[in-house]
Amino acid sequence: MEKSTKPTDCPKCGGKELGKGKHTGYGVMYPDGKMGLGSNVEYILCTDCGYIIESYVKKPEKFKGTLF
Ligand SMILES: [Zn+2]
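Using my numbering, read the sequence shown as starting at 1241 and increasing by one per residue.
Shown next as structure tokens:
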């Protein structure tokens, strides 16, 4: 059973045109307590209303072990 998690429209306004954005530089997210090992963040967003539908860190493995 194939399950697609790819968003196709905006849950807020129903817009069909989604875009992809990226945070770099000062927008980098850092693991708690591990400054200097940040990861860029990517977004899937609605190009009509600007709602951010999904966000990802590019290197999620860097965040392992930061909570416990
Ligand atoms: Zn929208």
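All C-beta atoms, glycine included, are put in the ideal place defined by N, C-alpha and C. Values in this document were obtained by computation on a predicted structure and should not be read as measured data.
query: Mind checking Cys-1250: buried by the 16 CB within 10 Å criterion, or exposed?
result: The residue you call residue 1250 lines up with position 10 of the sequence shown. Cys-1250 counts as buried, since no fewer than 16 other beta carbons sit within 10 angstroms of its beta carbon.
- request: Take Cys-1289 as the anchor and find which of Pro-1247, Leu-1258, Thr-1248, Asn-1280 has the nearest alpha-carbon.
  value: As a position in the sequence shown, residue 1289 is number 49, starting the count at 1. Of Pro-1247, Leu-1258, Thr-1248, Asn-1280, the residue nearest in Cα terms is Leu-1258.
field: Span of the beta strand (DSSP E) around Leu-1258
entry: Here residue 1258 is taken as the residue at index 18 of the sequence shown, counted from 1. Taken as a continuous stretch (DSSP letters only), the beta strand (DSSP E) holding Leu-1258 covers 1258-1263.
- request: Kindly indicate which residue of Pro-1300, Val-1281, Cys-1253, Met-1269 has the alpha-carbon position closest to the one of Lys-1260.
  value: The count along the sequence shown starts at 1 and reaches residue 1260 at position 20. For Lys-1260, the closest of Pro-1300, Val-1281, Cys-1253, Met-1269 by C-alpha to C-alpha distance is Val-1281.
message: Are there any heavy atoms of ligand 1 lying less than 7 Å away from the beta-carbon of Tyr-1291, as far as the coordinates show?
response: Translated into the one-based positions of the sequence shown, residue 1291 becomes position 51. Between ligand 1 and the CB of Tyr-1291, the shortest heavy atom gap is smaller than 7 Å.
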